[in-house]
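A.B. asks: According to full-length UniProt numbering, numbering within the sequence shown proceeds without interruption in unit steps and concludes at 225.
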Amino acid sequence: MPQQELEKKLSTIDEAQPCVVAIHDSEGNAIRYDCTFAQREAHNFALVLPFGVSLNMHNIKKTCSFCTPPTPGQATVSCKAQINEKIADTIELTALEDIDPATLRQFFRVNLRVPVTVSYCPDTSNEETHWFQAGDSIDISRTGILCILPQEAANLKELQVDLALTDPKTNTNCTGHIIRIKRLTKSRWLTAIHFDQINPAAADNITANCLQEQRRQIRDNIQTT
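(1) Output the boundary residues of the alpha helix (DSSP H) element that contains Q4.
(2) Report yes if the CB atom of I60 is closer than 7 Å to the CB atom of D25, and no otherwise.
(3) Which of helix, strand or coil does DSSP assign to N59?
(4) Can you check which of these residues, E41, P50 and R40, is closest to D34 by C-alpha distance?
(5) Alpha carbons only, please: which of R113, F66 and I13 is nearest the one belonging to A95?
(6) What did DSSP end up calling P168 once you bin it into helix, strand or coil?
(7) Let me confirm a value: T172 is counted as buried when at least 16 other C-beta atoms fall within 10 Å, else exposed. Which label applies?
(8) Whole angstroms are fine: how far does the CA of R142 sit from the CA of C79?
(9) State the start and end residues of the unbroken beta strand (DSSP E) segment that holds K186.
(10) Would you kindly work out how many angstroms separate the C-alpha atoms of E7 and K62, rounded to a whole number?
(11) Note the first and the last residue of the continuous beta strand (DSSP E) segment covering I148.
(12) Within 10 angstroms of the Cβ of C64, are there 16 or more other Cβ atoms? Answer buried if so, exposed if not.
(13) Determine which residues share a DSSP beta bridge with S119 and list them.
(14) Would F195 be called buried (16 or more neighbouring beta carbons within 10 Å of its own) or exposed?
(15) From E128 to N199, what does the alpha carbon distance come to, in whole angstroms?
(16) How is the beta strand (DSSP E) around V83 delimited, first residue to last?
(17) What's the gap between the Cα of L149 and the Cα of A16?
(18) Between the Cα of E97 and the Cα atoms of N44, T166 and C121, which residue gives the shortest distance?
(19) By the DSSP assignment, the beta strand (DSSP E) with D34 in it spans what residues?
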């Protein structure tokens with residue numbers, strides 16, 4: 001896309017509009033931040049990071065993906081951008097090229113609560129090592145889930161994850177590994193799981209549920225304003 005067209009798309013973003021940026025660390029892992037659009041000058045713009053975020057400029061790749069969520073009457077704006085500088089809680093970027101929003105869905109999470117089960121059943125005859133936990137999701141994306149489980153997971157890898165999606169209603173399963181665990185209370189463990197293997201149909205079911213939830217949240221926001 002020519003720079004003039006990209007600048008025109010950026011000009012449609014309002015100051016203080018919510019947006020999401022996906023930044024990759026030095027190992028290639030995507031880290032997602034809910035940001036606020038701060039300012040724009042031609043194809044340069046700035047984003048305000050969430051409070052308390054510590055971003056090490058020496059441990060990230062300088063090219064990131066940026067996207068605004070869909071809103072009534074306004075199209076999604078998405079682009080690849082170069083991170084130029086971080087000043088306090090603000091990062092300054094230069095837009096490089098346009099991105100099809102459909103290709104970015106895997107980077108972005110939606111707050112969505114559905115029943116989730118996590119189990120460990122390796123291909124061994126020792127059933128004593130098998131376990132199963134039922135909980136609820138907090139947010140979901142095509143590549144992972146943040147959920148609450150009743151106990152600390154005894155194993156971190158080779159996990160079976162089953163989601164009872166609601167809109168459209170379908171059961172979706174995949175395999176994954178735990179990337180973060182935090183104890184909230186004795187029977188509540190915040191657990192972040194990255195999907196290792198998920199078939200395209202299951203990923204599409206997750207995307208469909210996330211988009212439906214986004215639309216519902218937008219309608220609710222309109223009704224309360």
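Just so you know, even glycine gets a beta-carbon here, dropped at the ideal spot from N, CA and C.
C.D. replies: Quick answer:
(1) Start at 1 with the first residue of the sequence shown, and residue 4 comes out as number 4. Per DSSP, Q4 belongs to the alpha helix (DSSP H) from Q3 to L10.
(2) Walking along the sequence shown from the start, residue 60 turns up at place 60. Walking along the sequence shown from the start, residue 25 turns up at place 25. Taking the C-beta atoms as reference points, D25 is found nearer than 7 Å to I60.
(3) On the sequence shown, residue 59 is found 59 positions in, with the first residue counted as 1. It is helical.
(4) Numbered from 1 along the sequence shown, position 34 holds the residue referred to as residue 34. Shortest Cα-Cα distance from D34 to any of E41, P50 and R40 involves P50.
(5) Looking up residue 95 in the sequence shown gives position 95. Nearest Cα to A95 within the set R113, F66 and I13: F66.
(6) The residue labelled residue 168 in the question sits at position 168 within the sequence shown. P168: coil per DSSP, three-state reduction.
(7) For the purposes of this step, residue 172 is identified with residue 172 of the sequence shown, where counting begins at 1. T172 counts as buried, since at least 16 other C-beta atoms from the protein chains shown sit within 10 angstroms of its C-beta.
(8) Mapped onto the sequence shown, residue 79 falls at position 79. Mapped onto the sequence shown, residue 142 falls at position 142. When only Cα atoms are considered, C79 and R142 end up about 19 Å apart.
(9) If you number the sequence shown from 1, residue 186 lands on position 186. Looking at the DSSP string, K186 is not in any beta strand (DSSP E), and its letter there is neither H nor E.
(10) If you number the sequence shown from 1, residue 7 lands on position 7. If you number the sequence shown from 1, residue 62 lands on position 62. Their Cα atoms are separated by approximately 20 Å.
(11) Taking the first residue of the sequence shown as position 1, residue 148 is located at position 148. Here the beta strand (DSSP E) through I148 covers G144 to L149.
(12) In the sequence shown, the residue the question calls residue 64 occupies position 64. Buried.
(13) Position 119 of the sequence shown holds residue 119. Beta-bridge pairing by DSSP links S119 to F132 and Q160.
(14) Numbered from 1 along the sequence shown, position 195 holds the residue referred to as residue 195. Buried: at least 16 other Cβ atoms inside 10 Å.
(15) In the sequence shown, counting from the first residue as 1, residue 128 sits at position 128. In the sequence shown, counting from the first residue as 1, residue 199 sits at position 199. Using only the alpha carbons, I get a separation of about 29 Å.
(16) Here residue 83 refers to the residue found at position 83 of the sequence shown. One point to set straight first is that residue 83 is Ile, not Val, in the sequence displayed. Per DSSP, I83 belongs to the beta strand (DSSP E) from S78 to I87.
(17) For the purposes of this step, residue 149 is taken as the residue at position 149 of the sequence shown. For the purposes of this step, residue 16 is taken as the residue at position 16 of the sequence shown. For L149 and A16, the gap between their C-alpha atoms comes out near 35 Å.
(18) Locating residue 97 in the sequence shown gives position 97, where the first residue counts as 1. Put simply, of N44, T166 and C121 the residue whose alpha carbon is nearest the alpha carbon of E97 is N44.
(19) On the sequence shown, position 34 is the one that residue 34 refers to. Note, D34: beta strand (DSSP E), A30 to E41.
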